[in-house]
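Under the UniProt record's numbering, the very last position in the sequence shown is 259; numbers go up by exactly one each time.
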Amino acid sequence: MTVKSIDELAPQLANCRAYWLSWGAEGRGEDDLTYYRSGVAHAQLNAVIRLRDADRAEEALARAGRELAGVPWMWWVAPDSAPGTGERLLGHGFERVGAMPVMAVSLDRVSEVPTPPGVEIEVLEGDDPGTCAAWVRAYGPSFGVGPELVDTVVGLEQEWARDPRAVRFLAREDGRAVGTSLLFDAHGVAGVYLVATAEEHRRRGIGAALTAAALEEGRRRGLHVGTLQASGLGAPVYARMGFETVAEYELYRPPASRK
Numbered sequence: 001m002t003v004k005s006i007d008e009l010a011p012q013l014a015n016c017r018a019y020w021l022s023w024g025a026e027g028r029g030e031d032d033l034t035y036y037r038s039g040v041a042h043a044q045l046n047a048v049i050r051l052r053d054a055d056r057a058e059e060a061l062a063r064a065g066r067e068l069a070g071v072p073w074m075w076w077v078a079p080d081s082a083p084g085t086g087e088r089l090l091g092h093g094f095e096r097v098g099a100m101p102v103m104a105v106s107l108d109r110v111s112e113v114p115t116p117p118g119v120e121i122e123v124l125e126g127d128d129p130g131t132c133a134a135w136v137r138a139y140g141p142s143f144g145v146g147p148e149l150v151d152t153v154v155g156l157e158q159e160w161a162r163d164p165r166a167v168r169f170l171a172r173e174d175g176r177a178v179g180t181s182l183l184f185d186a187h188g189v190a191g192v193y194l195v196a197t198a199e200e201h202r203r204r205g206i207g208a209a210l211t212a213a214a215l216e217e218g219r220r221r222g223l224h225v226g227t228l229q230a231s232g233l234g235a236p237v238y239a240r241m242g243f244e245t246v247a248e249y250e251l252y253r254p255p256a257s258r259k
C-alpha cells in the first residue's frame, strides 16, 4: 500500500528496519528483537534496531550480547520500541550517545533543488567489484568506513546492487566521484540513505541534489512520501527542502563487557 501522509510513521520505521536488516549478512532477527549483523567492524553496520516486548527485555539483552558478540555494535531505541527501553539500557551500563531525527516530506512538496554547475548525477548500475568499490569509496569517509573495511563492504554492496528496491545515485565532477545517495523503495515510502558528499565539495548543494534525485525516483515509482534519518549536518539541509521531523531514534552504546 502506498503511504499518503508524512504522519503515517509506522511504514517509515518499517522502511528503515528493512533497509538495515538487508545488511545482516552474518545474522538478522525480526521477532521480539530486531537486529542485524553484517560482520564488518563498524558499529553502524551491526545493531539492535527495535525491542518490542518490555516483559522480555532481560532475555533480549542477553540475546543481543550473544548475537552481536565480536563486532562493534549499537542499540537503536525506535519510536515504536517497548516503553522504557532506554532506561533499561542505561540500567545495564549502556551509554546514550545521541539521537537521530526521522524526517519526512510529501514528494509533491519538495523544494526544487538545482544540480550545482559542473556536477553530474548518474544512476550507478552493475554489481562488479570495481563499480561497487567506487561507490563504497565515495561514501566511506562520511560514514567512517575506512580503507581497511572497503573490501569487506564491497562484498555486501554487490548484494545491494542486485536488490530491485534499491537505486544508487553517484555525483561526479570532472570524472571524480564526489557524492552518493540511495533510494530504498519499501513499505510504500521512499527511504533515502547514504547521502554523502566528499568533505572538500560540501556546502555547494551536492547532497541536496543527490537527495532530490532519490526522491524524484520515488515519485516516478508512484510513491508519495520520502523519509530518512538525519545527521546533525544533514538536518538543516533537509529542512530547507521541505522535510519535517516526525520522530526520533535514540542511540546507545553497549558497555565494554557486551562489545
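Just so it is clear, CB atoms sit at the ideal spot from N, CA and C, and this is done for glycine as well. This one's a predicted model, so the numbers in the text were calculated from it and none came from an experiment.
Look at the UniProt domain "N-acetyltransferase" (119–259) and you find these whole runs of beta strand (DSSP E), each 3 residues long or longer: 119–124, 166–173, 176–186, 189–197, 225–229, 244–253. Per DSSP, the beta-bridge partners of Met103 are Leu228, Thr245. Rounded to the nearest angstrom, the Cβ distance from Ala190 to Met103 is 12 Å, too far for a contact under 8 Å.
In the three-state scheme derived from DSSP, where H, G and I count as helix and E and B as strand, Gly84 is classed as coil. Glu59 and Val123 have their C-alpha atoms roughly 44 Å apart.
Distance check between Pro114 and each of Met1, Leu33, Thr211 places Thr211 closest, using alpha-carbon atoms only. Per DSSP, Glu59 is one residue of the alpha helix (DSSP H) stretching across 57–67.
Note that the C-beta distance between Val110 and Leu215 is below 8 Å. For Ile206 against Ala239, the beta-carbon gap comes to about 17 Å, at or over 8 Å, which does not count as contact. A contact is defined here as three or more CB-CB pairs under 8 Å, and the segment 192–205 meets this definition with respect to the segment 219–234. Note on geometry: alpha-carbon atoms of Gly93 and Glu217 lie some 43 Å from one another. Gly98 counts as exposed, since fewer than 16 other beta carbons sit within 10 angstroms of its beta carbon.
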